[in-house]
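Numbering (this note's numbering), first residue to last: 508 to 1454.
Beta carbons are placed, not taken as given, at the ideal position from N, Cα and C, and that holds for glycine.
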Amino acid sequence: MTEELSPAERYAAARIRAAEEASALAPFRELYEFDLDPYQIEACKALEAGKGALVAAPTGSGKTIVGEFAVHLALQQGRKCFYTTPIKALSNQKYADLVKRYGADKVGLLTGDNSVNGEAPVVVMTTEVLRNMLYAGSQSLRGLGYVVMDEVHYLSDRFRGAVWEEVIIHLPESVTLVSLSATVSNAEEFGDWLDTVRGDTEVIVSEERPVPLWQHVMAGRRIFDLFEEESDHGGRGSARREVNPDLLRMAREENSRTYSPKDRRRGKMVREADRERERRSRGRIWTPSRPEVIARLDNDGLLPAINFIFSRAGCEAAVQQCLYAGLRLNDESARLRVREIVEARTASIPTEDLHVLGYYEWLEGLERGIAAHHAGMLPTFKEVVEELFVRGLVKAVFATETLALGINMPARTVILEKLVKWNGEQHADITPGEYTQLTGRAGRRGIDVEGHAVVLWQRGMDPVGLAGLAGTRTYPLRSSFKPSYNMAVNLVSQFGRHRSRELLETSFAQFQADRSVVGISRQVQRNEEGLEGYREGMTCHLGNFEEYAQLRRDLKDRETELAKQGAAQRRAQAAGSLEKLKPGDIIHVPTGKFAGLALVLDPGVPAGRVHGHRGYEYAEGPRPLVLTAERQVKRLAAIDFPVPVEALDRMRIPKTFNARSPQSRRDLASQLRSKAGHITPERRMRGGRAAAADDREIARLRAELRAHPCHGCDEREDHARWAERYHRLKRDTVQLERRIEGRTNTIARTFDRIHALLTELDYLREDEVTVHGRRLARLYGELDLLASECLRARIWEGLSPAELAACVSALVFEARQSDDAVAPKVPGGAAKAALGEMVHIWGRLDALEEEHGINQAEGVGQREPDLGFAWAAYQWASEKSLDEVLREAEMPAGDFVRWCKQVIDVLGQIAAAAPSATGDSGSTVARNARKAVDALLRGVVAYSSVG
508 MTEELSPAER YAAARIRAAE EASALAPFRE LYEFDLDPYQ IEACKALEAG KGALVAAPTG
568 SGKTIVGEFA VHLALQQGRK CFYTTPIKAL SNQKYADLVK RYGADKVGLL TGDNSVNGEA
628 PVVVMTTEVL RNMLYAGSQS LRGLGYVVMD EVHYLSDRFR GAVWEEVIIH LPESVTLVSL
688 SATVSNAEEF GDWLDTVRGD TEVIVSEERP VPLWQHVMAG RRIFDLFEEE SDHGGRGSAR
748 REVNPDLLRM AREENSRTYS PKDRRRGKMV READRERERR SRGRIWTPSR PEVIARLDND
808 GLLPAINFIF SRAGCEAAVQ QCLYAGLRLN DESARLRVRE IVEARTASIP TEDLHVLGYY
868 EWLEGLERGI AAHHAGMLPT FKEVVEELFV RGLVKAVFAT ETLALGINMP ARTVILEKLV
928 KWNGEQHADI TPGEYTQLTG RAGRRGIDVE GHAVVLWQRG MDPVGLAGLA GTRTYPLRSS
988 FKPSYNMAVN LVSQFGRHRS RELLETSFAQ FQADRSVVGI SRQVQRNEEG LEGYREGMTC
1048 HLGNFEEYAQ LRRDLKDRET ELAKQGAAQR RAQAAGSLEK LKPGDIIHVP TGKFAGLALV
1108 LDPGVPAGRV HGHRGYEYAE GPRPLVLTAE RQVKRLAAID FPVPVEALDR MRIPKTFNAR
1168 SPQSRRDLAS QLRSKAGHIT PERRMRGGRA AAADDREIAR LRAELRAHPC HGCDEREDHA
1228 RWAERYHRLK RDTVQLERRI EGRTNTIART FDRIHALLTE LDYLREDEVT VHGRRLARLY
1288 GELDLLASEC LRARIWEGLS PAELAACVSA LVFEARQSDD AVAPKVPGGA AKAALGEMVH
1348 IWGRLDALEE EHGINQAEGV GQREPDLGFA WAAYQWASEK SLDEVLREAE MPAGDFVRWC
1408 KQVIDVLGQI AAAAPSATGD SGSTVARNAR KAVDALLRGV VAYSSVG
């Protein structure tokens, strides 16, 4: 029986209810069919109280509701709200959601592709659009009350992350910021920074998944639970979770099995096929095929599923494998509904292009409920897959990891085929953060009681390692902020150099660097206390022992230096003697495994050269190939010759000699012993008189040492030990102080270097932005300065629209894998000359950056323009067919469309930045840039998902 409340308590409760009913949150909660979670309510109350909010919660937990509450507050207060997302697909999706709720008249959309009702009170946009508006001082910012930054953890992205920090720093103080992030392990640190730059910010962290997640491993026909006790269901509960002992036993058995040595003599593919048959025939475990996985999950009622494959080709192959296996996940009515939706959504794509795009094969998969999803697909095709998946008409999607980045496509089950992926440089294990992001798609709120993550068994799998991935919540937010040329001129234009420097010091990057300095500073302080103690220990009553210890160190350093010089000289002499060897020389190998008599078969190649090319195996000097007296043929190295070597004698090598023939080696080795076995090599000393004996500096130091008062101290060696400890600690302390210096004001120092370069090129004059600087301020992108210099040098004047499109493509395109072996095809004539001049200008800028200490490896500076898309852009702008362009470009349709849209975006910037044709310059670039946009914006490139 509950205790009755006192009159005072009833009155207080009634007042709380009345306040809640009068708040903006009460009517907002009624818009949803479900009640809000505690963390959502806490965040919404913070916003209503006028605070900013950082909400960090797992994927699919509904954190966007907090962003929608900001929209609700803005409309209620008669103010504007900008809702920013990292990718256009997310912007399109959010726009559609908000239009459904508030109507098309109140919601707008601004992305690189679309501009719909841009002056509406609520505008959805990509983050770059808002950054550009802030720098341009757009009138649309008037009346702005709230900014929602969805997927704010994107600021870790090394290519685009800086944009998020630029927006956060430059937003007017009157704007309330709502930051929505995936679960990160340093949310409090990020919140502290937001508190510093944006004012009072509430940090709300929720680690509880809305739908419990079960972790599994699928091996053969069986699905094993990863953990023996799943009481915590992938959250961060207190229950200790043990790895399933069946999995551990299975791993031990599988990894301990040996195979017949006969296998080694057979092809790898044959061996693998045999082993697979053997495992299946004996009822052992195996990695199930893709059709087997989907069929099993379908049978267990665990679809819809997303199967993550870290390869575009792998995704397409998986769909084909399922089709060949006869897999059908849709009944006839679902199949007809799929066809109806697909035909409606693709009606605007020209019929002749559908064949080129593989439309009919794609449609067959969709009708069966199976699809791929990756960046190489046509955007329209990807959007159709997303729509059908959400409607339950596609039940199995094979996707790359890009699907995990914000697209609203939750599934009942997520499958991971492998725990290794290509990171652009090498195959690396996925991190706990990536694992959490991928498996976060499992479990649909309001639909599924639980979600499932299934990892496929692979030979050599470590269940304990997998459990560590699944149980770790380490996904720290790390700033990738770096000043750029465009940022520098825009900042100086608005704030002047000094204030710009101060603003950059408020970045999250500098905030994190400063925090890391705190721990190092404490260590320096402790070291200085230790140094004081050591200094007392080495105090000598006869004189300054620190001075005496320095003399001892100087003497030791000089002796070490001379010894190194002597060793280097001997190595050089030895290398020189090796270069004089000729085939047929009999030598004595002085040391090493093959010491003794040897015959030179091949003297090796002079250091660093192989047929005129640098050879790795000869990088450290000649490597003679010799036959030893023991009949071994070996390639020796410089290390085998610590002293110079001379030919003891010579003998002829028969033309019929074959180093691979044991008989041939035996015969020649016998001749070698007969010819030179009696010769005793002259013993060479490693060195004559020590160089130190004649060195004046050493003589001086020894004299000073003997004359020093502390030299006669009875406790000299005790003092010396304390002095050595002092010296080592002092050296460590100096290194720590250098690290502090390197991390302090790093962003501002980079800005200073950029400012100096732009000043030299006449873009800036202290606080003044020149006419060239104002042009650069309108050019955004990785190669902003190169684009500006090209306009300045007028190298694009007189180019046709198609030729200009080809040149501009070099500013945006980056090949997925560099192929230096084949020069890319480019248009001839004026376009080829302009592209060559662009590379020349880049070379000049690259040298200038090196001179100013601007390092591309640190994410600052201009990379070399990539000409790999120039021919495709030229062909498409010249009205060639999609079939012809894609066939010659050897590029997926999705990549082609994406690069075209990026070229269109930069062409638009160039049209705005280039001089007008009506001015004194008579420039044609702006007009032709607009014509190039029209020429590129056709067919599949022109298709837009938002009307």
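Quick one: what's C829 bridged to in DSSP?
-> Bridge partners of C829: none, in fact.
Tell me the start and end of each unbroken alpha helix (DSSP H) in the region 894-969 that is at least 4 residues and wholly inside, in chain order.
-> 939-946
What residue range is occupied by the uninterrupted beta strand (DSSP E) comprising G610?
-> Looking at the DSSP string, G610 is not in any beta strand (DSSP E), and its letter there is neither H nor E.
Hey, could you find the ends of the alpha helix (DSSP H) E537 is sitting in?
-> E537 -> no alpha helix (DSSP H), and no H or E assigned at all.
Taking 8 Å as the cut-off, decide whether the C-beta atoms of M916 and F888 are in contact.
-> Not closer than 8 Å, so no.
6 Å Cβ shell around R951 - same chain, five flanking residues per side excluded = P917
Outcome for D838 when other beta-carbon atoms lying within 10 angstroms are tallied against a minimum of 16 = exposed
Minimum Cβ-Cβ distance from A603 to chain C less than 8 Å = The chain labelled as chain C is not found in the depicted structure, where only one protein chain is given.
Apart from the five residues on each side of it in sequence, which residues of its chain come closer than 8 Å, Cβ to Cβ, to S513?
-> none
Can you tell which of M632, A1322, T1277 and L580 has its C-alpha closest to the C-alpha of L597?
-> M632
Sequence-distant residues of the same chain with beta carbon closer than 6 Å to P768, five excluded per side = Its pLDDT being 44, under 50, P768 is placed unreliably by the model, and nothing is read from it.
What does a CB cutoff of less than 7 Å around G864 pick up in its chain, not counting 5 residues either side in sequence?
-> Looking at the sequence provided, one finds Leu at residue 864 rather than Gly. Here the set comprises L885 and A1400.
So what's M884 in DSSP terms, helix, strand or just coil?
-> coil
Which of helix, strand or coil DSSP assigns to V682 | Shown here, V682 sits in coil according to DSSP, grouped into three states, outside any helix or strand.
Give me the Cα-Cα distance between V892 and L861, rounded to the nearest whole angstrom.
-> 16 Å
Go through its chain and collect everything with a Cβ distance to M968's Cβ below 7 Å, but skip five positions before and after it.
-> A758
DSSP three-state call for R789: helix, strand or coil?
-> Only weak support exists for where R789 lies, its pLDDT of 45 falling under 50; the value from the coordinates is given anyway. Correct three-state label for R789: coil.
Can you tell me whether DSSP reads G559 as helix, strand or coil?
-> Strand, per DSSP.
For L754 versus P970, is the C-beta spacing smaller than 8 Å?
-> Yes; because the gap between Cβ atoms is below 8 Å, this pair is in contact.
For the beta strand (DSSP E) containing D1092, list its first residue and its last residue.
-> D1092 to V1096
Beta carbon of A1105, beta carbon of L1085: below 8 Å?
-> No; because the gap between Cβ atoms is not below 8 Å, this pair is not in contact.
Whole angstroms is fine: what's the gap from I856's alpha carbon to A1449's?
-> 9 Å
Continuous beta strand (DSSP E) assignments of at least 3 residues falling wholly in the region 797-873 = 812-815
Spatial distance of I572 from K613 (CA atoms) = 18 Å
Let me know if K1100 comes out buried or exposed under the rule of 16 or more other beta-carbons within 10 Å of its beta-carbon.
-> Around the beta carbon of K1100, fewer than 16 other beta carbons sit within 10 angstroms, so the residue counts as exposed.
Run of the beta strand (DSSP E) containing I1302, from where it starts to where it stops | Counting along the chain, I1302 falls outside any beta strand (DSSP E), and DSSP gives it neither H nor E.
Is it buried or exposed for K601, if we count other Cβ within 10 angstroms and need 16 for buried?
-> buried
Candidates Y661, E1211, G625 and E658: closest to S645 by CA position | G625
Indicate whether E1304 and V1432 have their beta-carbon atoms separated by less than 8 Å.
-> yes
Taking the C-alpha atoms as reference points, what is the distance between V1447 and G668?
-> 29 Å
Where does F731 fall in DSSP's three states?
-> strand
Under the three-state DSSP convention, the category Q1139 falls into = Three-state result, Q1139: coil.
In whole angstroms, what is the alpha-carbon distance linking P679 and L1444?
-> 36 Å
Closest by C-alpha distance to R729, when choosing among P795, S713 and R665 | P795
Between the Cα of E847 and the Cα atoms of L870, Q827, G833 and V826, which residue gives the shortest distance?
-> L870
Which one or two residues does DSSP pair with T622 in a beta bridge?
-> It is worth fixing the name first, because residue 622 is Ser in this sequence and not Thr. Answer is L617.
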